[in-house]
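What follows is a short report on a single structure.
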Amino acid sequence: EQWYQQFRMWTQIPDQHITKFTATCKVLPHPDAAILISTYNMITFSGRRGHEAEVIMENISQREWGLLLMDEVHVVPANTFQRCTTRIRSRCKLGLTATLVREDGAIEDLNFLIGPKLYEANWLDLQERGFIARVQC
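See the structure below:
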């Protein structure tokens with residue numbers, strides 16, 4: 001829901017171009033849909049789906065989306081979630097995270113799963129500029 005609200009707030013993309021596929025919102029994508037908002041669990045679920053969810057997932061996986069935005073991208077190297085990068089076809093993949101760290105060292109796998117890191121912000125700079133709260137000990 002957070003990303004849906006952000007797209008609505010910061011873009012002029014018509015509602016029918018935004019598709020949500022979540023546990024509480026299963027709607028067949030509009031033919032002109034360009035943005036898919038879902039979760040890793042919804043996309044990579046390998047169990048038995050209800051008929052409605054199965055039809056929607058089939059529709060989603062048959063399209064090529066313009067952008068695959070992956071929030072909390074540090075989880076993608078996990079075997080379970082790597083399928084997101086192959087199951088959803090997209091021209092561009094963008095991963096976001098506040099913690100680009102994994103104890104197993106698999107963060108390096110993101111280079112071939114998504115692509116290279118393009119930007120990293122220093123938390124002290126973000127704090128000084130008022131983007132995040134000051135740390136108090």
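Heads up, the sequence shown is in full-length UniProt numbering, so the first residue is 1 and it goes up one at a time.
Glycine included, each C-beta is placed from N, C-alpha and C at the ideal position.
This structure is a prediction, so every number in the text was calculated from the model and none was measured.
Residue range 18–21 is occupied by the beta strand (DSSP E) that includes residue 18, with no alpha helix (DSSP H) assigned at that position. Put simply, the backbone Cα of residue 29 is about 11 Å away from that of residue 61. In the three-state reduction of the DSSP assignment, residue 110 falls in the helix class.
If you draw a straight line from the Cα of residue 135 to the Cα of residue 64, it comes to about 42 Å.
When DSSP assignments are scanned along the UniProt domain "Helicase ATP-binding" (1–118), the uninterrupted stretches of beta strand (DSSP E) that are 3 or more residues long and fall wholly within it turn out to be 18–21, 35–38, 64–71, 89–96. Rounded to whole angstroms, the Cβ separation of residue 35 and residue 51 is 25 Å, and the two are not in contact under 8 Å.
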